[in-house]
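Novice: Got a structure for you, questions after.
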């Protein structure tokens, strides 16, 4: 065995909401077969697109979530399609799906039926709000789920609307939690041979991304609120995002014993460059009690720091911070990430060939480094129906004639 | 234990702090694993001395932040600088299937608890190290918090209003995206070990997992050379799409309209006012072109209603909408209540408080929070007697030596 999940097969019926689950299991070595309707998975219509040309084989969103998977087409709305699916279920260890609650049952492919076909099957269902309950049938787009999950309310400027991360986080929270839950069910199966049904609620998954929002209410009767580019400290707020010549940096200043050695040195550096106001010269952060310092003090400090940072680049400030120990990091864009020496030294970036678009695409690589069973990027995302022959003909022994007939009937 | 928890035979010892490491142990504990959280009273976890405290009263056992990520664990204090303390740690390593640590790189090695050292004690152990940048590399020793890692991973650059600088999601967001993957990989490694007898070492960088949560936007750069810009709450394939102010103090409801059917349903909820038939809004392309004006008109309507009202009117018509939930709203959310998301559990010092359940349910084997987070050193005696089979004399000697500080 050279992957953690070698010889494990997963049938992945999910759309964009759940595709990350299979991706993670695939990264760990499982054989993931993504099962799409002949019209293609809806995730293929999500941008961005390769060279900005919208096309179902050019979605970068699809590329990232389906590396390390094979792909077949199958129309579960047809009787023949369902029979074929049942055949595949007998070969599988997992089925992952993200249809609306109850749809698998309506198709005659609910857990009870699949369990009879394959008692050791683990079936994982990902839904916006869980399988039942007063809001189970609510529609949940990413912005809606991140709002109902609690992260949006605390993100953004206090005087403006709550803000969303513009890459659909709720899909990724749900998919990664589904991978965790599926592995827990798999462990039970490993001991007992018994499969089971796993339910993942996207809203519940999102509530795990909200720090102490829940506890501020239940412990202190208060709601955590948006703090924008500041952080609340005692009764005052301190700026943490600062402009620089080519973007922004994040800088945390701490008082007392926890103060970073570089904080006082930063003031000295400002002074050497003639950008330290008189009152700040020689300031000693270890004597600062941030819990009692006034808002005026923090505002004056922020202005002085911003006047200095804006004369430097992200790279200059970060390099200095590393040398002198300062809680400062660049606010990276994608270009910075590709140049990041840490990521390069860990060989994080991996190229996969996409011969059909005559391109080699650079991807984020292994999500962890494993000593015994390294995570590998083995294949690019499948084209629509790319592995139909491999699965239907070579494995299930369906003749090419029969496959043509199934194709004619819109089954595959 | 009468119930059949999926990981009930799994034994975990952790030398973890702050969020990611503790959260991994917490969820594995919810799934039935026996988890021993080792800490020291000499330098308490910063989450133990962080707001909010129960009833606003500061105290090492009163912090909601620590309690959230350390439920379903036995708590032990050990002084690893004390020879007897390190000896107890070795015995826990010997006992465990999994060792989780989340310290700065090099810290556990100082105590001989790097993978090499741990493997000498327990050859087939699974060890997970999680830190901000990964164990090796030019930035491995980077000093900072998860907020800095989140900024470095790229979340802040892309999150904010189009007319101002980066804002970012609240807090140390890389801490919010990492534990899930690590739970998956640790349990997979346990299964692999059952099959092959081999343990292994897992080196995890929170920065890298953060980047996975932005992967489509990163590919837009590696393929198209484009860095994602801040677009507020907008979405290329939807309009309206945003968080709209509602009646009340800082109350908001999100609404997203993707398809034409959803647009017609949305207009129906508003009572088909004449502006919805204006050519500036009748097609998706036109709505995108006049999105500022569209948002203003939508907000004129939402401002007159509560967020709950907007959500239920929209959802009844088949339009995706939802309250932008505060902490209080989460506790009162009828769907979360239906799912038993919060469970009241009695904590030794602060009494009954709610704990979040894991975001998943297994049909045959329960996974739920069962035991409150430990007070500092709460289970020292239990662990020494019942897990390490020490005599009373041995335990008393340990206390007197200062090993349990």
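Chains as they are written, first to last, in our numbering: chain C, 43 to 454; chain H, 95 to 499.
We put the beta carbon where it would ideally sit given N, CA and C, even for glycine.
Taking the alpha carbon of residue 475 of chain H as the reference point, which residue from H/492, H/459, H/287 and H/464 has its own alpha carbon closest?
Specialist: H/492
Novice: Let me see if you follow: with CB-CB separation under 9 Å, is residue 196 of chain H close to chain D or not?
Specialist: Looking for chain D here will not work: the only protein chains present are C and H.
Novice: Between residue 429 of chain C and the ligand PLP, is the CB less than 8 Å from at least one heavy atom?
Specialist: As presented, the structure is devoid of all ligands, the ligand PLP included, so that no description of it is given.
Novice: Flag residue 209 of chain C as yes if its beta-carbon sits less than 9 Å from any beta-carbon of chain H, otherwise no.
Specialist: yes
Novice: To the nearest angstrom, how far is it from the Cα of residue 267 of chain H to the Cα of residue 193 of chain C?
Specialist: Going from the Cα of residue 267 of chain H to the Cα of residue 193 of chain C covers about 10 Å.
Novice: Return the chain-ordered list of same chain residues with a C-beta closer than 6 Å to the C-beta of residue 385 of chain H, the five sequence neighbours on each side being excluded.
Specialist: 333
Novice: By the DSSP assignment, the beta strand (DSSP E) with residue 372 of chain C in it spans what residues?
Specialist: Here the beta strand (DSSP E) through residue 372 of chain C covers 370 to 372.
Novice: Mind pulling the chain H residues with CB within less than 8 Å of residue 388 of chain C?
Specialist: Residues of chain H passing the Cβ test: 228, 230, 231, 299 and 302.
Novice: What do you get for residue 342 of chain H, buried or exposed, if any count of 16 or more other CB atoms within 10 angstroms of its CB means buried?
Specialist: exposed
Novice: Can you tell which of C/61, C/261, C/231 and C/364 has the C-alpha that lies nearest to the C-alpha of residue 155 of chain H?
Specialist: C/261
Novice: With a threshold of 9 Å between beta carbons, is residue 373 of chain C in contact with chain H?
Specialist: Yes, residue 373 of chain C lies at the interface with chain H (some Cβ there is under 9 Å from its Cβ).
Novice: Sorted by chain position, which residues of the same chain lie with C-beta nearer than 6 Å to residue 127 of chain H's C-beta, five sequence neighbours on each side aside?
Specialist: 101, 104 and 106
Novice: Return the residue from the list C/179, C/96 and C/67 that minimises the CA-CA distance to residue 47 of chain C.
Specialist: Per the Cα distances, C/67.
Novice: Give a yes or no on whether 9 Å exceeds the smallest Cβ distance from residue 536 of chain H to chain C.
Specialist: The first residue shown for chain H is 95 and the last is 499, placing residue 536 of chain H beyond what the model contains.
Novice: Kindly list the residues whose CB is nearer than 6 Å to the CB of residue 345 of chain H, restricted to its own chain and excluding five residues on each side of it in sequence; keep chain order.
Specialist: 401
Novice: Between residue 105 of chain H and chain C, is any beta-carbon pair separated by less than 9 Å?
Specialist: no
Novice: For residue 181 of chain H and residue 219 of chain H, which I take to be in contact (beta-carbon distance under 8 Å), what is that distance rounded to the nearest angstrom?
Specialist: Incorrect: roughly 17 Å between the Cβ atoms, too far for contact.
Novice: Just verifying my parser: in three-state terms, what is the DSSP assignment at residue 96 of chain H?
Specialist: Only weak support exists for where residue 96 of chain H lies, its pLDDT of 49 falling under 50; the value from the coordinates is given anyway. It is coil, neither helix nor strand.
Novice: From the beta carbon of residue 360 of chain H, is the nearest beta carbon of chain C less than 9 Å away?
Specialist: Taking Cβ atoms only, chain C never reaches closer than 9 Å to residue 360 of chain H, which makes this a no.
Novice: Using the three-state DSSP reduction, which class does residue 459 of chain H fall into: helix, strand or coil?
Specialist: coil
Novice: Consult DSSP for residue 139 of chain H and reduce its assignment to one of helix, strand or coil.
Specialist: coil
Novice: From residue 235 of chain C to residue 162 of chain C, what does the alpha carbon distance come to, in whole angstroms?
Specialist: Spanning the two alpha carbons is a distance of roughly 6 Å.
Novice: If we count Cβ pairs, one from each stretch, closer than 8 Å, do we get three or more for the region 55 to 65 of chain C versus the region 98 to 114 of chain C?
Specialist: yes
Novice: Helix, strand or coil, according to DSSP, for residue 438 of chain H in the structure here?
Specialist: Under the three-state reduction of DSSP, residue 438 of chain H is assigned to strand.
Novice: What do you reckon, are the CB atoms on residue 93 of chain C and residue 318 of chain H nearer than 9 Å?
Specialist: yes
Novice: Identify, in the order they occur along the chain, each residue of the same chain with its Cβ nearer than 6 Å to the Cβ of residue 295 of chain H, setting aside the five sequence neighbours on each side.
Specialist: 209 and 221
Novice: If you check the beta carbons only, do residue 334 of chain C and residue 45 of chain C fall under 9 Å apart?
Specialist: no
Novice: For the alpha helix (DSSP H) containing residue 106 of chain H, list its first residue and its last residue.
Specialist: First-last for residue 106 of chain H: 105 to 109, but that is the beta strand (DSSP E), not the alpha helix (DSSP H).
Novice: Is the separation between the beta-carbon of residue 413 of chain H and that of residue 337 of chain H shorter than 9 Å?
Specialist: Judged by their CB atoms, residue 413 of chain H and residue 337 of chain H are not nearer to each other than the 9 Å cut-off.
Novice: Taking the straight line between their C-alpha atoms, what separation do you get for residue 196 of chain H and residue 282 of chain C?
Specialist: The straight-line gap from Cα to Cα measures roughly 25 Å.
Novice: Between which two residues does the alpha helix (DSSP H) carrying residue 157 of chain H extend?
Specialist: Unbroken run through residue 157 of chain H: none, as it is neither H nor E.
Novice: Looking at the structure shown, is residue 362 of chain C part of a helix, part of a strand, or coil, going by DSSP?
Specialist: helix
Novice: Listing by chain order, which chain H residues have their CB less than 8 Å from the CB of residue 278 of chain C?
Specialist: In chain order: nothing, as chain H lies at least about 14 Å away.
Novice: For the alpha helix (DSSP H) that contains residue 318 of chain C, what are its first and last residues?
Specialist: That residue, residue 318 of chain C, is in no alpha helix (DSSP H); it is neither H nor E in DSSP.
Novice: So residue 213 of chain C is in the alpha helix (DSSP H); what residue range does that whole segment cover?
Specialist: That run of the alpha helix (DSSP H) goes 211 to 234.
Novice: Please determine, among C/246, C/224, C/385 and C/200, the residue with the shortest C-alpha to C-alpha distance to residue 213 of chain C.
Specialist: C/246
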